[in-house]
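Engineer: First the structure, then my questions, so here it is.
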Amino acid sequence: KHSEKMEHLQQQREHLKGIEDDNADVEAKSTLLERQVQKRREDLLLSQTKHQEFTDELEVLKNELASSATALMKKRNDNTTTAKVLEEKHLALEDVRKQYQAVKASLESEVGATLDAEASAKEAERLLQ
11 KHSEKMEHLQ QQREHLKGIE DDNADVEAKS TLLERQVQKR REDLLLSQTK
61 HQEFTDELEV LKNELASSAT ALMKKRNDNT TTAKVLEEKH LALEDVRKQY
111 QAVKASLESE VGATLDAEAS AKEAERLLQ
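Residue numbers for the sequence shown follow this note's numbering, so the first one is 11 and each next one is one higher.
Now the structure itself:
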């Protein structure tokens, strides 16, 4: 009976040893899985942080683009206005040039008439002398 008890006790020890070994394996696997889960959480947090940084940078670029588009539109409007003013000044200059040419032609005609009159007067004086 004693040997049966000892044998039973030995079987119990072996069984306990097997359970302890299984528990050690399970704990090792559990620790490994916990590390993997923690690593994935850290990777996820890093990805979320990078995504937020990217989103923020994208928003900044969108704002800069909108600002540049607005500035470009204003510059185009300014250029259009300046072109209209320049065209008006060009037309006014052409009008003044035409007036100048007309006055110059009239003056030259008057000078010619005056020279003719002076020449006639000199001729008449010469004839009278």
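The beta-carbon is built from N, C-alpha and C at its ideal position, and this holds for glycine as well. As the structure is a prediction and not an experimental result, all values here were calculated from the model.
Tell me the start and end of each unbroken alpha helix (DSSP H) in the stretch 48–81 that is at least 4 residues and wholly inside, in chain order.
Structural biologist: none
Engineer: What's the C-alpha gap between Ala81 and Gln62?
Structural biologist: 28 Å
Engineer: DSSP three-state call for Lys27: helix, strand or coil?
Structural biologist: helix
Engineer: Residues in its own chain within less than 7 Å of Ser40 by CB, not counting five upstream and five downstream?
Structural biologist: none
Engineer: Secondary structure at Lys84, three-state DSSP: helix, strand or coil?
Structural biologist: Lys84 carries a helical assignment under DSSP once its states are collapsed to helix, strand and coil.
Engineer: Consult DSSP for Lys114 and reduce its assignment to one of helix, strand or coil.
Structural biologist: helix
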